[in-house]
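Chains as they are written, first to last, in the working numbering: chain A, 898 to 1149; chain B, 898 to 1149; chain C, 898 to 1149; chain D, 898 to 1149; chain E, 898 to 1149; chain F, 898 to 1149; chain G, 898 to 1149; chain H, 898 to 1149.
Some notes on the structure that comes next.
There are 8 protein chains.
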Amino acid sequence: MDINTLKKLLESVASGNVTVDEAVTNLKHLPYENLSYARVDHHRSLRKGFPEVIFGQHKTAEHILGITKAIAEKGDTVMITRLSAEKAGLIKTQYPGAVYHDEARILVYEQTPPAKKTTGLILVVAAGTSDIPVAQEAVVTARTIGHFVETLYDVGVSGIHRLLDHEELLTKASVFVVVAGMEGTLPSVVGGLVDKPVIAVPTSVGYGASFGGIAALLAMLNSCASNVTVVNIDNGFGAGYVAALINSLAKT
Amino acid sequence: MDINTLKKLLESVASGNVTVDEAVTNLKHLPYENLSYARVDHHRSLRKGFPEVIFGQHKTAEHILGITKAIAEKGDTVMITRLSAEKAGLIKTQYPGAVYHDEARILVYEQTPPAKKTTGLILVVAAGTSDIPVAQEAVVTARTIGHFVETLYDVGVSGIHRLLDHEELLTKASVFVVVAGMEGTLPSVVGGLVDKPVIAVPTSVGYGASFGGIAALLAMLNSCASNVTVVNIDNGFGAGYVAALINSLAKT
Amino acid sequence: MDINTLKKLLESVASGNVTVDEAVTNLKHLPYENLSYARVDHHRSLRKGFPEVIFGQHKTAEHILGITKAIAEKGDTVMITRLSAEKAGLIKTQYPGAVYHDEARILVYEQTPPAKKTTGLILVVAAGTSDIPVAQEAVVTARTIGHFVETLYDVGVSGIHRLLDHEELLTKASVFVVVAGMEGTLPSVVGGLVDKPVIAVPTSVGYGASFGGIAALLAMLNSCASNVTVVNIDNGFGAGYVAALINSLAKT
Amino acid sequence: MDINTLKKLLESVASGNVTVDEAVTNLKHLPYENLSYARVDHHRSLRKGFPEVIFGQHKTAEHILGITKAIAEKGDTVMITRLSAEKAGLIKTQYPGAVYHDEARILVYEQTPPAKKTTGLILVVAAGTSDIPVAQEAVVTARTIGHFVETLYDVGVSGIHRLLDHEELLTKASVFVVVAGMEGTLPSVVGGLVDKPVIAVPTSVGYGASFGGIAALLAMLNSCASNVTVVNIDNGFGAGYVAALINSLAKT
Amino acid sequence: MDINTLKKLLESVASGNVTVDEAVTNLKHLPYENLSYARVDHHRSLRKGFPEVIFGQHKTAEHILGITKAIAEKGDTVMITRLSAEKAGLIKTQYPGAVYHDEARILVYEQTPPAKKTTGLILVVAAGTSDIPVAQEAVVTARTIGHFVETLYDVGVSGIHRLLDHEELLTKASVFVVVAGMEGTLPSVVGGLVDKPVIAVPTSVGYGASFGGIAALLAMLNSCASNVTVVNIDNGFGAGYVAALINSLAKT
Amino acid sequence: MDINTLKKLLESVASGNVTVDEAVTNLKHLPYENLSYARVDHHRSLRKGFPEVIFGQHKTAEHILGITKAIAEKGDTVMITRLSAEKAGLIKTQYPGAVYHDEARILVYEQTPPAKKTTGLILVVAAGTSDIPVAQEAVVTARTIGHFVETLYDVGVSGIHRLLDHEELLTKASVFVVVAGMEGTLPSVVGGLVDKPVIAVPTSVGYGASFGGIAALLAMLNSCASNVTVVNIDNGFGAGYVAALINSLAKT
Amino acid sequence: MDINTLKKLLESVASGNVTVDEAVTNLKHLPYENLSYARVDHHRSLRKGFPEVIFGQHKTAEHILGITKAIAEKGDTVMITRLSAEKAGLIKTQYPGAVYHDEARILVYEQTPPAKKTTGLILVVAAGTSDIPVAQEAVVTARTIGHFVETLYDVGVSGIHRLLDHEELLTKASVFVVVAGMEGTLPSVVGGLVDKPVIAVPTSVGYGASFGGIAALLAMLNSCASNVTVVNIDNGFGAGYVAALINSLAKT
Amino acid sequence: MDINTLKKLLESVASGNVTVDEAVTNLKHLPYENLSYARVDHHRSLRKGFPEVIFGQHKTAEHILGITKAIAEKGDTVMITRLSAEKAGLIKTQYPGAVYHDEARILVYEQTPPAKKTTGLILVVAAGTSDIPVAQEAVVTARTIGHFVETLYDVGVSGIHRLLDHEELLTKASVFVVVAGMEGTLPSVVGGLVDKPVIAVPTSVGYGASFGGIAALLAMLNSCASNVTVVNIDNGFGAGYVAALINSLAKT
């Protein structure tokens, strides 16, 4: 339930279209609904600005479906990350309107599209083609919340001119998500070129001494560029979410 | 050289108070000045929004003094982090107007105070009293750049009510810096209570299996709150800097 | 062989229903029975308060069945942890009365149900729905030993109010098992709210820098709450076992 | 402020010896007192069973003295862990009645000695003579809270008969703290001999591949004895505190 | 080619049964035979006391068969470790006399059985039933070289009496191989009971913080018993080989 | 596009066989071609001495085919590393002239064979037969660039005479690639014997405490031979590439 | 108390020079003497072949002196390892006959020199001059127990001919201690040259990625030579002790 | 003894100025001289191209002086790395002609300056001013061997234009040494710009998650630029030495 839905509900009460009892019924799920295996937080969109997002990786299809149903019934947008294509297919048999972004591995079921934010641009940059799935996780997340996102892919530092050619795009964005595996260098370079916040996402792309993304993670944490913060390895969702939060600030 | 200084220079050229040749002399240091041991980046404040900050930890007093002189002569604000009290004393004999924040270990030499930003509030939260020096590094950094900062200290999760009592303050801020050592839990708890970006700073406070801050760092990277990003262990400066960048967005 | 079984045997000897030779035969397996691949410790329930528990993970079905038989023949309760559904099926063909708890992956074959302890309550708390299997391992273990157990699931710190709403339940329990993956924060928060022992169980739930549970483990070891002790990653059994031992103290 | 102190205050109000206003003044510090650098939690002894303990390691002498004063003025027992002899000397000049346990590095200032608990025995076992300081931290902590504690030192597993000779003592205790560095084996051996909870404390004693206590910590986390839980490296205080909590259960 | 084979060859030359040219042909492979993918070291049994042992894990069936043929043609004993049952089946179709020890995963093809050494006893001790495959690797290795080996299995430290009951066997052996996973404690306990060399073998048995055998490895390296040395995780072969070398010393 | 191709193009322009417009069309892809998922760097062979090499491991067959086509159309040599046999088969259906080196897992599609360099010899040395695939990756890489390469395999340090027997070959080479897993010792020994650069390649061959190649990597980084540098675990390609670069220096 | 001392005591009883009561008094300290901070194990030389050795590193001078006195009074040899020169000086004021080996940091106080063993030779090999102190710890230990020891120093693998020149010495020894820091290669090379047990000792000599000896430790654990076992980093004492145990086997 | 010295000796023999016996005396030190604590390898300059270099860090002043004397007496150049200013002072009292490079911490005592190589240029690049001492170690090493070296300092990636401004210098060099701490990004960026070998040197400059240089080391090992190889953390000497070896190739 987001603020607009709440306002509409209260206006309906005011105008007599909804009785007080009906409103109470609708609101009484506060603060959350107990599914025994999960407590769905319906007021999160009031408190946090976006409905609860379902982390699909370790959950059974049944649990995911149950939580989806609980959220969908309140009219909220359902967003499920790290969802396999197979489980997504199951959800879509129940919710045909849901869209599965297969590279990003995110399913989105929107009953009302978000009002497009009138704020700045989020630029998602990826070092190599193998980093694109994580980058897309950030892209889909931020767009689902209602933000404008552009992308700049395969601009790793071993060919620094590929990046420098897009200086104009770099100056247009108000917040950056920079995704890189292997040596994880790109966020430092981007961070040195721009004067906006850069959210660095290490990926597990690499082999040997990349140690599943540790090398990239450490490089980003030690960035000599002061405008870089870091999220967990492969956490494209978190980066997209924070980028949206930051970008939202610009409008107030 | 920040934008105001540049504008004034150009206006002086326009009004005839400064000749074109003098202006050229002043600008020709672009892009940086070579001190042989360091290249001072005078146009950084144009490109990045704040003059180059000196990382004092591994540098000799002589090098620091040389870089300070190069920056100060351009009229820019000098800010030196991780500076020992002893070296700070040396700088102050040359620049009596400099202020040394001993808990934060930052020296600031401001020739013109920054125009106070008309944007939102930065709230810096620290878990324990031992985390305060790192928190203060963030506070001094953000204030030097011109932002409003409030603090909330000693509100670690082992007494969660200490934090919950300040709900009003939590809703007032537009960006958070949350500092914690040991198990590094506080950013997740704060992140769950607010709908704004949270920059988590792990500290090296702890012993045994804290491994110099690794435990806190990992906890923060794995935060189940989606609005948390992380900086390096004890990197209060970086957190304060990014918080200021984010907070600056609010004004445009 | 637990104390009650022993007493009954001796009373039978006293009453003439069992001859001394028969009793000797029954007791002579002391201190253990050698199956060549395993030494079954039949007097463990005397010495340790509960019969030997079989760790099923690395054992072949044949070995498990052999040990099961040796324990069952003495009349003791058989409990097998980390048992796959497939191997459990094999055991149940031989022991149809056995119960397989599939979420907990524990098989229990009880010939005589344990006398319910008249002691306090064990509360098992889990941060996320993905942590439930490990939590259930603790629940089934403690219940099999004869203790009252309640559960509180999906109350992770990113929505702290979910936990705080159950303050009453928190004050009722005499010992806590708190299960969490990812950043492993929940035991510290629970530990700060209660004045009873808290056994923290890190789980391998997470990705990237959770490193298979290391992040959660370190967070728990560094807990700023003084009443927290820790067991191995995913060791729900150990946590349930110690909780039962602690809870047993309350009755003497 | 513990329960007895609170009761006395209220009885004094009832009998007219204390006015309501005075009582309010005394109670209004709830929930804690803000010293700016620390929030002293005076109601902790109500909520947690023992007043707040001061972790002395990273704090300045001035901060420690300030917190000590705030606690002492409420009549509570002051306990400071990881306190250097030098800082302890400073505290004692202000509080001559304070006792400094130098091996344990704990200072205790008791205004009213605790009523001795009528519960069972805590046995603290240490593997080598170098582990004794950590063991003593547990001993002093548990005794200060009011428990009976016995010790068994230098009984490491390389001479297992030293331990087995004390079988009687092992059966008398209701909870164990077992302290060991190097290979950290002792808790598993003790755990196999007794049917009570064992709190294992790894120490940083060792060299080379002991990695400052990691080897001992891992050995304890992987204990094949089911009754072992673990605290942080060198955390004698935590072990003693939990042992006291567990031992307290026995009385109710 | 071992010393006996060499002697026989030379005696045959002396007696005229083998011509000098034939002997030269047989000896000219010195120092090794080049199979392009492997250099088979036929004189190793002269230099090292036993023919070259084939490490089967990373090699293709074709390579293994080629090396086997090269060794077998010289009349030497072929021993292949870490060999899957499937590849062993392939070898046995060519060498029906070969014996595959499936628990130890070793194939032995002996053309002449080794003269039994008249030296002392090697005792192989294993902590749990899951450690038996690694222990058997040591057993088969030492027996193939010609030594007497006894075993003592499932005597882990959580039931120390199981071990102490075999004191007589412990005094009979002249060298020990002690195999343990999880917390890796058993070698220290055995080492404290005997005055002979103990070779400790950590196994990868365990879960969570056992980290694939690291916990056991570290415990063994930090053993407080002075007579313990360590081999790689799961390296039963190396332990059996060194035990044989040590035991061989006893005869000279 | 390499230098020769460029020269020919310009000569064709000079001779009128290619119009200026056609040349412009051909050159205008500078600096790279955007395939949306990858930016192919056609001028890399001018800038870097060899066309862009495709890292096949994390890419889909479709992406690989697309990049292959873009490179092949410019007349450049296509080289794809870490390519599975299955994907290689797909490429070969489109480019029948391509050669797949299955041990090295490299596919090469050469439209014009490289002029053989007239420089010195590259010697690739491998410790064990299991290290050969990584060694072959270096061999195929250097040969594809046009260098003479010889190999010396199965000469690990446990039989040091195998290596010393090839002293002549060791003195002939101008640069060495030395590949080893397990303890990673061979580069130090080779480095001590020769006065040329040695590129050490750790492999993931081993088990237990080899930690997937970390042991070998650390040994090589700590080499006491001063002429050793190191590449990533299993990075035969990088070693072969740098060896070719170094060997190329000899000719100028 | 070693076997000879015991025999003499019993012979004295037999001959009437010592009364039974006196003998009982002398023997009744069995199994050990309790110094409150340490339990001295006087019968260790019977059970383990050598009196208890004192690990001096973490002990106070007072404790060391107390244990020394308890051992010396029984007529046993006192050996203290990891003893600083300063503490050694204190011991020598009480026991002027004690000898302090400063490179090895061992103090030995022998009341009766050991009968020289008539067994084989122990060869202690060290890679670099910086490894000599650890090597000397092994040398002094083995000599104090009564063994013949020779040394071969500064023969690291970067100059392999230095080692190969001593082939004769290598064939003479019956057991080897090989000490190396940095890449820790030497034990593998020595192990490949000889057919006797090799005890590898990693040292903390090195910098950067030697990680205080971890690189050398891992190299040794992964040795491709089958006759290598390993002790803790810098544990020269343990290596010398086990070498003596192995060498002792040769005589029986 | 280098090749020129050897030739002169032989020419002197040929001309009768040196008798055969004198020449034998001079040559008989082959292959090395035994100082008991060190074996000085006088023929190394023949075999390896430069006299033995002394690693000064772990050696006593006495040992260093002894080795210096042994080398100097043969007329060879003495080079001592990681030498403290204090020990350097001692050496200079004996060898006043020695030069101590204090930033590089190298002492060089040259009796005959090396003939300047007629080969290409070595360019040493450093990311930050704190990395300069390690860079200078490379510079002094390569210059002492006789190479031309230029430097480019303080050109870290957070201000990438500082590096790009020196494109001309980048194209002039035939081999690069690139030194960086913190996130260790610079070698990848330089590697992407040039077509020559790049030797990457991680430094221990940084704090927190730089882990003493591990972050930089991992970034370099995972470099996406194919022309990068890596040496140990802070190993400026090794990088300079290999750069000289590579640069030497250019002349033949």
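Glycine included, C-beta positions come from ideal geometry on N, C-alpha and C.
- According to DSSP, residue pairing for Ile951 of chain F in a beta bridge involves F:Ile977.
- In summary, Gln991 of chain A is exposed, with fewer than 16 beta-carbon neighbours lying within 10 Å of its beta-carbon over all protein chains present.
- As summarised for the stretch 979–1049 of chain H, the continuous beta strand (DSSP E) elements at least 3 residues long and confined to that stretch are 996–998, 1003–1006 and 1018–1023, given in chain order.
- In this structure, Asn1144 of chain H sits near Val1072 of chain H, with a CB-CB distance shorter than 7 Å.
- Put simply, the backbone Cα of Pro1010 of chain E is about 12 Å away from that of His1044 of chain E.
- Taking the Cα of Phe1134 of chain G as reference, the smallest distance to any Cα among G:Gly1109, G:Gly1103, G:Ser1055 and G:Leu1004 is reached at G:Leu1004.
- Straight across, the Cα-Cα distance linking Leu1049 of chain E with Asp973 of chain D is about 57 Å.
- Against chain B, the beta carbon of Pro1094 of chain A has neighbours under 7 Å at Val1139, Leu1142 and Ile1143, listed in chain order.
- Among the residues of chain G, those whose CB is under 7 Å from the CB of Ser1027 of chain D are His955 and Lys956, following chain order.
- If you check each beta-carbon in the stretch 950–981 of chain H against every beta-carbon of chain F, the ones closer than 9 Å belong to Val950 and Phe952.
- Here the C-alpha atom of Thr1068 of chain E lies approximately 19 Å from the C-alpha atom of Ala1039 of chain E.
- Taking C-beta atoms under 8 Å as the contact rule, Gly1089 of chain D and Gly1056 of chain E qualify, at a distance of about 5 Å.
- In the DSSP assignment, Val1054 of chain D falls outside any beta strand (DSSP E) and carries neither an H nor an E.
- By the rule that beta-carbons nearer than 7 Å mark a contact, Glu983 of chain G does not touch chain F.
- Nearest in C-alpha terms to Ser981 of chain D, of all of D:Ala995, D:Asp999 and D:Lys971, is D:Asp999.
- By the rule that beta-carbons nearer than 7 Å mark a contact, Val1102 of chain G touches chain H.
- In this structure Glu1047 of chain F does not touch Leu1061 of chain F by the C-beta definition: roughly 17 Å separates them, more than the 8 Å allowed.
- Thr1126 of chain E sits in a strand when the DSSP states are folded into three classes.
- Of the residues assessed, Pro993 of chain H falls on the exposed side of the cut-off, its CB having fewer than 16 other CB atoms within 10 angstroms.
- Residue contact check for Gly1135 of chain A against chain B: a CB pair falls below 7 Å.
- For Leu1114 of chain B, the chain H residues whose Cβ falls inside 9 Å of its Cβ are Gly1105 and Ala1106, in order along the chain.
- A distance below 6 Å between beta-carbons, with the five flanking residues on each side excluded, links Ala1023 of chain E to the following residues of its chain, in chain order: Ile1029, Ala1032, Tyr1050 and Val1076.
- Val1086 of chain F is not a Cβ neighbour of Val1052 of chain F, given a cutoff of 7 Å.
- Contact between the stretch 1098–1109 of chain D and the stretch 956–973 of chain G is not established, with fewer than three Cβ pairs separated by less than 8 Å.
- Under the Cβ criterion of 7 Å, Thr1082 of chain G is not counted among the residues facing chain E.
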